[in-house]
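Below is one structure; the comments refer to it alone.
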Amino acid sequence: MNIEERVRELEDKYKRYLLKKYFKFLFIFAALAVCMVISFFVIQNFYKQKALALEALEYKKTLDHQIAQAQIANEKNKILQERLSKDENKEELKEELKTQIDIYSKFLNISDLKRNFYQNPSYEKAMNLAARYYKNKDYEKSIFWSLKANDIDRKNSSSWILFAKAKQALGKEEEAKQALDTYVSYYGLIEFDKEIDD
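The opening position of the sequence shown corresponds to residue 64 in our numbering, with each subsequent residue numbered one higher.
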């Protein structure tokens, strides 16, 4: 074997060495990239699940509180009914009983509506809750459910209008105006015949 062939052989070996080294680094880089992508999705999924768990926990607390309130109202009903059968002032007791029944019904109805919404979310269910809270003058919760409805259907003006009305009721005129201006700028004129009655 002459010197030229020897040199050529060494060059080939060196090239193969460099190629192996290149592929080795490329494999390590690809493996790291895959690990990073998987880690990103795992972390993202973890935080998403955590957020859902917190929301479910908050809903459970709210629901437990409402059920407790409904049970208290129910107990008051029983006491009032017992007094009604004995007391002379029946008209006054009847009025008090009617009020307690209304409170009991309100708690149960809202709880049922929330449960139905979380089982099968829809724009109509969210708007029903928003309207109920608005009617009960619980404007913060009306705003919350208006936003829930808006997340489902941004183009429907009813959620924007009810949101603005609730903001206005809280004295936040500027925020109410901004909400309506935003709707008009994105989707055009609001059809006020769809507006929810007070």
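From the three backbone atoms N, C-alpha and C, an ideal C-beta is built for every residue, glycine too.
- With fewer than 16 neighbouring CB atoms inside 10 Å of its own CB, A116 falls in the exposed class.
- Out of F104, A242, L233, the CA that lies nearest to the CA of K218 is found in A242.
- Given a length threshold of 4 residues, each whole run of the alpha helix (DSSP H) inside the segment 181-243 is given here in chain order: 186-198, 202-215, 220-232.
- Between F180 and I206, the C-beta spacing is not below 8 Å.
- With distances taken between CA atoms, E203 lies nearest to A229 out of A189, S221, A229.
- Here S222 is buried, its C-beta having at least 16 other C-beta atoms within 10 Å.
- Each residue's CA atom was taken as its position, placing F104 and K111 some 10 Å apart.
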